[in-house]
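Enquirer: The C-terminal residue of the sequence shown carries number 445 in my numbering, and the numbering is unbroken. Here a beta-carbon is modelled for each residue, glycine too, at the ideal position from N, C-alpha and C.
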Amino acid sequence: MRYCYWLSLPISLHLNKCERFFSLRTMSSGSNLVKVAVCQMTATPDSKSNLEQGRMLIEESKRQRAQIAFLPEGFDNINRSRAESVEAAQSVSGPTISEYCAIAKANNMWLSLGGFKEKSDVSKVYNTHLIVDPDGNIAGAYRKMHLFDVDIPDKVRLCESDYTLAGNEISKVVATPAGNIGLSTCYDLRFPELSALLRNDGADILTYPSAFTIPTGKAHWEVLLRARAIENQCYVVAAAQVGAHHDKRASYGHSMIVDPWGKVLCEIKDGIGVATADIDLQQLQQTRESLPVDKHKRRDVYRLDKLGAAELHNIDDVPQYMFAQYPISSKVVFCKTNLSFAFVNRKPVVPGHMLVSPLRVCKRFHDLTTAETSDLFEVVKKVGDAVTAEFGADSLTISIQDGPDAGQTVEHVHVHILPRKKGDFENNDDIYKVSNP
């Protein structure tokens, strides 16, 4: 597979290859039920003790014939201070996750590890949710985006951002025997836009591993979980922390699994333990067909689009691309996302002159959707960085000619990217006279 010659873009974990996806969907289709387990634990600052508690819960899930075990946020440790949390952080390849990967393999189980302190390059951590497959491989990863910050003077201060970096990317759903899992963590529960986008991406199960405070848990936990299940017509699995973690913090518990109709299938109200329920994708499909909410959405009036970092796709999926009515060979395309592509200008004004266009043929800039606009400029930014480095430039000219009176000669939105050097034109503005493709 070819992605680009010299361009480097951030790429999400996406291990759901077509063969694996369809085989897993076949496994979970029809009338077959897949049992999953929700695990409730009381983590402390003692990472070793927490690991043994997690191992015990996973082994109990296996005894109850679950194929997937879901652990809560903070399964690695819940510490007394910011400094302790940063000190306890590990990489994904560190000893804690390596142990859990070995546990998954030993038990031939899928694991949802609901949020551990992932080490970063600065003195903060990421709160990272992982999916591990039965071979002990990382099948999905998500860094928590919404951070819980509460600071009421003289009452309570619990600010996750003091020691945690927010993630900036929605993870791909992960295909499993129980269906496609959409990854979220704790406070993300309060942001329905995220769950809706995960449903749009094909999620059958939404996960909310959590460590809810007792006051907010009593007020909102169950109603929010049931709401996310009902509005998205998905199963919801919410593994929770419970009880006192140390003298400064305690969690609400009430781990549960909710079906797409909003019915609570199982719940652990208090204490450490495991509860199981069957995921029935046939029932899920029947729910969506009997009340086709998704089909009734007014996408002509409103829309919900995923913004953020552009994701690379295989350039050679198709032999050629269309630039308005002109075919562009994949041989001159060096970057492709799900919405945009970048290619070498056939009549370069300066060395390194590149073009970026939306994959969909859009005549004018105002024809672009919000998602297309965001993706286009994410690619422009990355291509600009790359050509600057590749061609030894220290400046860029970036331009759009929108309409014939602005010099647009091809009726397909395109952005010119030209690496610039001192003296490449006698008069700097002369570049605008010769920048047509």
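With H, G and I counted as helix, E and B as strand and the rest as coil, what does DSSP make of CYS370?
Expert: Three-state result, CYS370: coil.
Enquirer: With DSSP collapsed to three states, give me the class of THR284.
Expert: Residue state, collapsed to three classes: strand.
Enquirer: Work out the CA separation of LEU312 and HIS304 for me, nearest whole Å.
Expert: Each residue's alpha carbon lies about 14 Å from the other.
Enquirer: Taking the straight line between their C-alpha atoms, what separation do you get for TYR329 and VAL352?
Expert: In a straight line, the C-alpha of TYR329 is about 13 Å away from that of VAL352.
Enquirer: Under the rule that 16 or more other beta-carbon atoms within 10 Å means buried, what is ASP375, buried or exposed?
Expert: Its Cβ having fewer than 16 others within 10 Å, ASP375 is exposed.
Enquirer: Under 6 Å Cβ to Cβ from LYS436, same chain only, skipping five residues before and after it: list those, please.
Expert: According to the sequence provided, residue 436 is Asn. The question's Lys does not apply to it. Nothing meets the Cβ criterion.
Enquirer: Less than 7 Å between C-beta atoms, sequence neighbours within five positions excluded: which residues of the same chain meet that for SER169?
Expert: Excluding residues within five positions, the ones whose Cβ falls inside 7 Å are LEU155, ASP157.
Enquirer: Between the stretch 368 to 387 and the stretch 402 to 421, do at least 3 Cβ pairs fall closer than 8 Å?
Expert: At 8 Å Cβ cutoff, the stretches touch.
Enquirer: Quick one, which of SER128, LYS113, GLN48 has its alpha-carbon nearest ASP141's?
Expert: The shortest C-alpha separation from ASP141 is found at LYS113.
Enquirer: Taking 8 Å as the CB-CB cut-off, is PHE199 touching chain D?
Expert: Considering every chain present, this structure includes no chain D. It has just one protein chain.
Enquirer: Please state if the CB of PRO53 and the CB of ILE105 are separated by a distance shorter than 8 Å.
Expert: No.
Enquirer: Name the two residues that bound the continuous beta strand (DSSP E) containing HIS253.
Expert: 250 to 254 is the extent of the beta strand (DSSP E) around HIS253.
Enquirer: In the DSSP assignment, what are the bridge partners of ALA394?
Expert: According to DSSP, which records beta bridges pairwise, ALA394 is partnered with nothing at all.
Enquirer: Using CA atoms only, rank isn't needed, just tell me which of HIS254, VAL44, SER179, ARG296 is closest to PRO185.
Expert: Minimum Cα distance to PRO185 is reached at VAL44.
Enquirer: Can you list, in chain order, the residues of its chain with a C-beta nearer than 6 Å to that of ASP209? Leave out the 5 residues immediately preceding and following it.
Expert: The answer, listed in chain order, is VAL181.
Enquirer: Would you list the one or two residues that DSSP bridges to ARG151?
Expert: DSSP, once it has assigned bridges, lists THR136 as partnering ARG151.
Enquirer: On a Cα-Cα basis, can you pick out the residue from ASP402, ALA235, ILE336, ARG151 that is closest to ARG198?
Expert: Nearest of ASP402, ALA235, ILE336, ARG151 to ARG198, Cα basis: ALA235.
Enquirer: Relative to the C-alpha of SER218, which residue among ASN145, SER128, GLN249, VAL358 is closest?
Expert: The shortest C-alpha separation from SER218 is found at GLN249.
Enquirer: Which residue or residues does DSSP assign as beta-bridge partners of SER263?
Expert: ILE276.
Enquirer: Measure how close the beta-carbons of VAL364 and VAL395 come, nearest whole angstrom, since I'm counting them as under 8 Å.
Expert: With 8 Å as the limit, VAL364 and VAL395 do not qualify as a contact, their Cβ atoms being about 11 Å apart.
Enquirer: Which residue's Cα is closest to the Cα of GLU230: ARG165, GLU398, ALA246?
Expert: That would be ALA246, whose Cα lies nearest to the Cα of GLU230.
Enquirer: Buried or exposed for ILE276, going by 16 or more other Cβ atoms inside 10 Å?
Expert: Buried, by the Cβ-count rule.
Enquirer: I need the DSSP call for GLY82, collapsed to helix, strand or coil.
Expert: In this structure, GLY82 counts as coil in the three-state DSSP scheme.
Enquirer: Should ALA77 and CYS109 be called a contact, given that it needs their Cβ atoms to be closer than 8 Å?
Expert: Contact flag unset, no.
Enquirer: What's the C-alpha gap between SER338 and MET362?
Expert: Between SER338 and MET362, the C-alpha separation is close to 14 Å.
Enquirer: Compare the beta carbon distance of ASN135 and GLY123 with 8 Å and say whether it is the shorter of the two.
Expert: Yes, the Cβ-Cβ distance between ASN135 and GLY123 is below 8 Å.
Enquirer: Does the separation of the CB atoms of TYR150 and VAL94 fall below 8 Å?
Expert: No; because the gap between Cβ atoms is not below 8 Å, this pair is not in contact.
Enquirer: Determine the direct distance from the alpha carbon of ASP288 to that of SER60, and round the result to whole angstroms.
Expert: Note that residue 60 is Glu in the sequence shown here, rather than Ser. Each residue's Cα considered, the two are about 31 Å apart.
Enquirer: What number of angstroms, rounded off, separates the C-alpha of VAL42 from the C-alpha of VAL358?
Expert: Near 59 Å, if we compare the C-alpha coordinates of VAL358 and VAL42.
Enquirer: Does the Cβ of LYS271 have 16 or more other Cβ atoms within 10 Å, making it buried, or fewer, making it exposed?
Expert: The residue is exposed, with fewer than 16 neighbouring Cβ atoms inside 10 Å.
Enquirer: Under 7 Å Cβ to Cβ from LYS314, same chain only, skipping five residues before and after it: list those, please.
Expert: Excluding residues within five positions, the ones whose Cβ falls inside 7 Å are ILE178, LEU205, ALA379.
Enquirer: Quick check: what's the CA-CA separation for PRO80 versus PRO366?
Expert: Rounded to whole angstroms, PRO80 to PRO366 spans 40 Å at the Cα level.
Enquirer: Let me make sure I understand the geometry here. Which of VAL301, PHE220, LYS256, CYS194 has the alpha-carbon closest to that of GLU239?
Expert: Here the closest residue by C-alpha is VAL301.
Enquirer: Quick check: the Cα distance between HIS253 and ASP159, rounded to an integer number of angstroms?
Expert: Going from the Cα of HIS253 to the Cα of ASP159 covers about 20 Å.
Enquirer: Pull the bridge partners of GLY187 from the DSSP assignment, please.
Expert: DSSP lists THR184 as partners of GLY187.
Enquirer: Under the three-state reduction of DSSP, which class applies to SER382: helix, strand or coil?
Expert: Residue state, collapsed to three classes: helix.
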